[in-house]
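Working notes, structure below.
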Amino acid sequence: MVKSIAQKEFISTLRDRRFVVLSVLVLLLLLAATVVGLYSYHTQQQERDVAQQTVNHQFQNSADRHPHRMAHYGSYAFRPKSSISFLDFGLDSYTGASVFMEAHRQNSANFSQAQQSSSLIRFGEMTVAFVLQMLLPLLIIFLCFSTFTQEKETGTLKILLSQGVSLREIAWAKIAGYGKTVALVVGPALLIASLLLFGRSGFEWHTDVLVRLLLFIGFYLVYFFIFVVLSVVVSGVHQRSSTALVTLLGIWILCCVIIPKASANLGNTLYTTPTRAQMDADVHEEVAKGIDGHNSQDARAEAFKKELLQKYGADSLSQLPVNFDGIIMAVGEEQSTKVYREYFAELTDIFQKQNRVSEWAGFLNPYLAVRNLSMGMAGSDFPHYLHFQNEAEQYRYHLAQSLNHIQTTRLKYKDKTTRLSADTWKELAPFTYEAPPVQWALGSHLISLVALFLWLALVCTLGLRLIDKIQIA
Amino acid sequence: MKPFWILIKYEWLNFRAYRGLVILSTLALVAGLYGIYYGTTEVERQRENIAGLEVLTQHNVAEMKTKYPSEADAGDIGYYHSTFAVHHPDSWASLSLGQRDVNPYYIKLRLLNLQSQLYDSENINPLKVLSGNFDLAFVLVYLFPLLIIGLCFNILSIEKEQGTLPLLLSQPISLPLIVGAKLTFRMMVVLGMALLLSIVAMVWGAVVPDARIALWLGVVVLYCVFWFGMAFLVAALQKNSAFNAVTLLGVWLLLTIIIPALLNVYVSIRQPVPQALALTIKQREVVHGGWDKPKRETMEAFFVRYPQYRDTAEIQGRFAWKWYYAFHLLGDIAVEDLAKEYQSSLQARHDLVQNLNVLSVPVNVQGIFNAMAGSDLPSYLQFLQSATHYHDTLREFYYPFLFKQVGFTHADYAREPRHSFTSTSDMPSAKNGLVKLLLSVLVVFAAGLLLFRWKEASVK
């Protein structure tokens, strides 16, 4: 009986011309979003690859330079896009693409896509994730809103119940039937997207990418399931189709349009972001209390000098076996970096507190939960961006200190004129970036993960309990 | 006219009795008030931050004065002292924040090469800017259409579904009068709210009262009327309530989300902006290459731009500030074309959107709001140009010290040029948008009327 109800829902949906037209439209949008996503992924990635190769080449073949000059010449880190970010651009359009890495200074990540667009970009971007997050729930609502109400309006529900099935069995059968229909719409699109993803890498097996993709798909399936059950339940508790529809559309507007924006804005109001100028000034003030690598005359540097001379039993700095210029530069870099990192950690902590509001709002709204998880799996969320920024900062520090070390060991004290050849710079490995593994990504979205599955449990238990209480007039 | 007012009166009684509609309208009002609160606090915060920059500059000057107690070499000051180019919001920005949260509203500048400083970004939380601003423009452009849809989707169909339409028509009133009265009543409610919110926002945000008040109110009215026209058009199809709700929401989705997203894709493909990364790489190469070039060569190239310093003293020794700043300038000159191209490509992107916004009324209206508030991309580009100009004046201020070897005294800090830029509204494009909006309204109503006439026969 349950099977035949499911089959009936499935077949009658397929016979409904309006639904077929809408599904085809959604499917076309999904395919368009896939193609567009791949295209922009390709152009951006290529641009960044070329830029990265150019700067690496320039660094390794640089003119003969003093090591500290090389430290100021610096290098760039261009953020590579994660390979499945074409499915969900996430924050990528709003985060900077390039970081200039030099001695003493931590620079911002510049040139985001959003800065290079007019306000049109704020209406949203056409990505697979957008279609899956916003449009499919609407399709599901449209599919399911009248499933019980119509049976009530035409009196068929009574007849069904007289066959000896319970309301709960009917509900599950309907859910199964609609689930099958939804799978028919998203299945082909996701399959094509996966094929494109793996086709590009020559079907090479990257376990991490595969797991990310499977989880990406899995989370969306849970999300769709939640909406199917929710729609069936809402249809069950209403008497008229039109009121059921209006309720569901209201829920959709609240979940997909209003709450996401309101929660992000609320987070921003609750925790104030310091300006970059203020932060730089604070860092500068704090650093000024320590040793300045470019000023070996002040009291703190003097004390450090004495200590060093004592240690080596030397009378003057030129007698030291190592170059004091390089050493004080390294000490200065170490101190300023330590201060900067403290302030940067504070800043990211504020950002994370702001974002936490949206994460907790996932308990109110499955859309937010799936959005965070989706970005996390696609590698286009805030934690991934932060990871890149930290890696770039690590590299910057490492580069500056390596160059200070070269100055310490290969140059004499007060030597400002010797220039080392490009072979020296080839000893330093260029910046490479490896995105963190999937378990790291999942770990940073535990709240959203719990929220999504709580929603699943909630609609399956409480939701269906409401179905049991349906009054049949 | 009498039956018309009777209908309006009963609509009001109906509206009051139906809790759902009252809740919906209250929600829209609350959302609008929150939008106004958010917009004004955000602009207030930006103003405070800009005021804070002045404090930072003073702080920096004080630090310089202790570091260099007597006369200093202007080269050191140019290197260690920083000032800010600031982009003040227009008083209307609190109504429509536009891109002001994405684009930096100040730039920290030193005498070094400009192009490595001009594009530094502000501390922004990417998740927040992705979610967008909950300002009054958002409430009016996104949420008011939903309110209108909620109020009007069953304007005719509910009377049919409840069986009250034949009863009504048995009275000496015509169908157009019924629909007209119902639409008029809802328009009064929605327009009343929209205008009230707008005026509250103008007072709260203390906007400069000028022609923009009329323009803003006119756009708000026309935009709401456009959506009423859409509801009328769909009602004229004479389908059931569920069909109307889905269709209207579909239109909303198409106009406010799908078409803009597709347009964005089209614009970014049609008008690529590849210059940014090339520019940033090239300026570094030229600036740092300056250290290794013969000084005479660098100075000759510099004198082409500033011939007035040609007859100054020859550089002696390993290092001189004027030479250092000369090759920094050469770095900027080397990418001058790229920088111009970069900015003109961005402008071209914006212009392309302006041409295409006829495809989506919400995009057009958001564009009008942003143009009026001076919060869109062109304002930012003007700010960049203004900052570039400011950096030129800074150079011109410092060069005499460097080339004529004059010491930089404490009194000179106060003589250093300061920068201030306030975005201005772009009235021509706002008016252009208004014309397009008016045409859209006419088209929708004409289509609705035609369809209504054509279908009216089927009701009777």
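Taken in sequence, the protein lines are chains S and C.
In terms of the working numbering, the first sequence opens at residue 439 and continues consecutively.
In terms of the working numbering, the second sequence opens at residue 3 and continues consecutively.
By construction, the Cβ of each residue, glycine as well, lies at the ideal position given by its N, Cα and C atoms.
- Message: Taking the straight line between their C-alpha atoms, what separation do you get for Phe869/S and Pro518/S?
- Response: Residue numbering aside, residue 869/S sits at position 431 when the first sequence is read from its first letter. Residue numbering aside, residue 518/S sits at position 80 when the first sequence is read from its first letter. Distance between the alpha carbons of Phe869/S and Pro518/S is about 11 Å.
- Query: Using a Cβ-Cβ distance under 9 Å, would Lys4/C count as near chain S?
  - Reply: Counting from 1 along the second sequence, the entry for residue 4/C is found at position 2. Taking Cβ atoms only, chain S never reaches closer than 9 Å to Lys4/C, which makes this a no.
- Item | Extent of the continuous alpha helix (DSSP H) to which Asn420/S belongs | Residue 420/S is absent from the structure shown; chain S starts at 439 and stops at 911.
- Item | Contained beta strand (DSSP E) runs [length at least 3] in the segment 534 to 597 of chain S, N- to C-terminal order | Residue ranges of uninterrupted beta strand (DSSP E) with 3 or more members, entirely inside the segment 534 to 597 of chain S and ordered along the chain, are 536 to 539, 544 to 548.
- Would you please verify whether the beta carbon of Phe423/C is less than 9 Å from any beta carbon of chain S? Position 421 of the second sequence, counted from the first residue, corresponds to residue 423/C. Cβ-Cβ to chain S under 9 Å: no for Phe423/C.
- Query: DSSP state of Thr85/C, grouped into three classes?
  - Reply: Your numbering for residue 85/C matches position 83 in the second sequence. Thr85/C falls in the strand class under three-state DSSP.
- Task: Give the range of the alpha helix (DSSP H) segment to which Ala389/C is assigned.
- Result: If you number the second sequence from 1, residue 389/C lands on position 387. From DSSP, the alpha helix (DSSP H) with Ala389/C extends over 379 to 405.
- Query: What three-state label does DSSP hand Phe136/C in the structure shown?
  - Reply: As a first step, residue 136/C is located in the second sequence; it is residue number 134 there, counting from the start. When secondary structure is reduced to three states using DSSP, Phe136/C falls in the coil class, being assigned neither helix nor strand.
- Say whether chain C places a C-beta atom closer than 9 Å to the C-beta of Pro698/S. Within the first sequence, numbered from 1, the residue matching residue 698/S stands at position 260. For Pro698/S, a Cβ of chain C is located within less than 9 Å of the residue's own Cβ.
- Please report how far the alpha carbon of Ile613/S lies from the alpha carbon of Ala449/C, in whole angstroms. Position 175 of the first sequence, counting from 1, holds the residue named residue 613/S. Position 447 of the second sequence, counting from 1, holds the residue named residue 449/C. Whole-angstrom Cα-Cα distance: 40 Å.
- So which residues of chain C does Asn499/S contact, with C-beta pairs closer than 7 Å? As a first step, residue 499/S must be located in the first sequence, where it is residue number 61. Listed by position along chain C, the residues whose Cβ is nearer than 7 Å to that of Asn499/S form an empty set, because the closest Cβ is around 11 Å away.
- Near Phe447/C, which residues of its chain fall below 6 Å by C-beta distance, leaving aside the five closest residues on each side in sequence? By one-based count along the second sequence, residue 447/C stands at place 445. Only Gly231 meet the Cβ criterion.
- Item | Selection of the segment 385 to 397 of chain C by Cβ proximity to chain S, strictly under 9 Å | Answer in chain order: no residues at all.
- Item | the segment 583 to 600 of chain S contacting the segment 622 to 636 of chain S, beta-carbon criterion three pairs below 8 Å | Because the criterion of three Cβ pairs below 8 Å is not met, the segment 583 to 600 of chain S and the segment 622 to 636 of chain S do not touch.
- Neighbour list for Leu785/S in chain C, Cβ cutoff strictly below 8 Å: Mapped onto the first sequence, residue 785/S falls at position 347. In chain order: Asn125.
- Where do the N-terminal and C-terminal ends of the alpha helix (DSSP H) with Phe371/C fall, by residue? What you label residue 371/C is simply residue 369 of the second sequence in a count that begins at 1. Where Phe371/C is concerned, the enclosing alpha helix (DSSP H) stretches over 363 to 375.
- Item | Closest residue to Ile215/C among Thr59/C, Glu44/C, Trp94/C (Cα-Cα distance) | By one-based count along the second sequence, residue 215/C stands at place 213. Among Thr59/C, Glu44/C, Trp94/C, the Cα nearest to that of Ile215/C is on Trp94/C.
- Quick one: grab the DSSP three-state call for Tyr70/C. The sequence position of residue 70/C within the second sequence is 68, counting from 1. In this structure, Tyr70/C counts as coil in the three-state DSSP scheme.
- Task: Just tell me which of Ala33/C, Ile370/C, Ala303/C, Leu219/C has its CA closest to the CA of Gly193/C.
- Result: Sequence index remark: in the second sequence, residue 193/C carries index 191 (1-based). The sequence given here has Leu at residue 193/C, not Gly. Nearest neighbour of Leu193/C by Cα position, chosen from Ala33/C, Ile370/C, Ala303/C, Leu219/C, turns out to be Leu219/C.
- For the putative contact between Phe405/C and Thr282/C, defined by C-beta atoms under 8 Å, what is the C-beta separation to the nearest angstrom? Numbered from its first residue, the second sequence carries residue 405/C at position 403. Numbered from its first residue, the second sequence carries residue 282/C at position 280. In this structure Phe405/C does not touch Thr282/C by the C-beta definition: roughly 29 Å separates them, more than the 8 Å allowed.
- Message: Under 9 Å, Cβ to Cβ, is there at least one residue of chain C near Ile411/S?
- Response: Residue 411/S lies beyond the residue range present for chain S, which begins at 439 and ends at 911; the question has no answer from this structure.
- Please determine, among Leu239/C, Leu361/C, Glu302/C, the residue with the shortest C-alpha to C-alpha distance to Leu451/C. Taking the second sequence and counting its residues from 1, one reaches residue 451/C at position 449. When each option's Cα is compared against that of Leu451/C, the closest is Leu239/C.
- Query: If you check the beta carbons only, do Phe497/S and Tyr511/S fall under 9 Å apart?
  - Reply: The residue labelled residue 497/S in the question sits at position 59 within the first sequence. The residue labelled residue 511/S in the question sits at position 73 within the first sequence. Between Phe497/S and Tyr511/S, the C-beta spacing is below 9 Å.
- Query: When DSSP builds the beta bridges, which residues end up paired with Ser513/S?
  - Reply: As a working mapping, residue 513/S is identified with position 75 in the first sequence. Among the bridge pairs identified by DSSP, Ser513/S is matched with Met539/S.
- Item | CB of His676/S within 9 Å of CB of Phe586/S, strictly | Within the first sequence, numbered from 1, the residue matching residue 676/S stands at position 238. Within the first sequence, numbered from 1, the residue matching residue 586/S stands at position 148. Going by C-beta atoms, His676/S is nearer than 9 Å to Phe586/S.
- Can you tell me whether DSSP reads Ile8/C as helix, strand or coil? Along the second sequence, read from residue 1 onward, the residue named residue 8/C stands at position 6. DSSP places Ile8/C in the helix class (H, G or I) of the three-state scheme.
- Below-9 Å beta-carbon distance, His480/S vs any chain C residue: Numbered from 1 along the first sequence, position 42 holds the residue referred to as residue 480/S. For His480/S, the answer is no, since every Cβ of chain C falls outside 9 Å of its Cβ.
- Item | Phe17/C at chain S interface by Cβ criterion, 9 Å | For this step, residue 17/C is matched to residue 15 along the second sequence. No, its Cβ sits nowhere closer than 9 Å to a Cβ of chain S.
- Task: Return the residues of the segment 547 to 574 of chain S that lie within a Cβ-Cβ distance of less than 9 Å from chain C, sorted by chain order.
- Result: Those would be Ala547, Asn548, Phe549, Ser550, Gln551, Ala552, Gln553, Gln554, Ser555, Ser556, Ser557, Leu558, Ile559, Arg560, Phe561, Gly562, Glu563, Met564, Thr565, Phe568, Met572, Leu573, in chain order.
- Query: Once you ignore the five residues that flank Val666/S on each side, which residues in its own chain have a CB closer than 7 Å to its CB?
  - Reply: Numbered from its first residue, the first sequence carries residue 666/S at position 228. So the qualifying residues of the chain are Ile578, Cys582, Ile613, Tyr616, Gly617, Val620.
- Beta carbon proximity, Asp718/S to chain C, threshold 9 Å: Translated into positions along the first sequence, residue 718/S becomes position 280. Output row for Asp718/S: interface = yes.
- Counting only runs that start and end within the segment 853 to 881 of chain S, where is the alpha helix (DSSP H) found for 4 or more residues in a row? Secondary structure within the segment 853 to 881 of chain S: the alpha helix (DSSP H) runs of 4 or more consecutive residues, fully enclosed, are 860 to 864, 876 to 881 (chain order).
- Using the C-alpha atoms, what's the distance from Ser98/C back to Lys462/C? Start at 1 with the first residue of the second sequence, and residue 462/C comes out as number 460. Start at 1 with the first residue of the second sequence, and residue 98/C comes out as number 96. Note that Lys462/C scores 48 on pLDDT, short of 50, meaning its location in the model is unreliable; the coordinates nonetheless yield the value given after this. Here the alpha carbons of Ser98/C and Lys462/C stand approximately 47 Å from one another.
- Message: Can you check which of these residues, Leu858/S, Ala719/S, Asp718/S, Leu651/S, is closest to Pro875/S by C-alpha distance?
- Response: Locating residue 875/S in the first sequence gives position 437, where the first residue counts as 1. Among Leu858/S, Ala719/S, Asp718/S, Leu651/S, the Cα nearest to that of Pro875/S is on Leu651/S.
- Extent of the continuous beta strand (DSSP E) to which Leu111/C belongs: The residue labelled residue 111/C in the question sits at position 109 within the second sequence. Unbroken beta strand (DSSP E) run through Leu111/C: 108 to 111.
- Partners in chain S for Val45/C, counting only beta-carbon separations shorter than 8 Å: In the second sequence, the residue the question calls residue 45/C occupies position 43. Result: empty, since nearest Cβ-Cβ is about 13 Å, beyond 8 Å.
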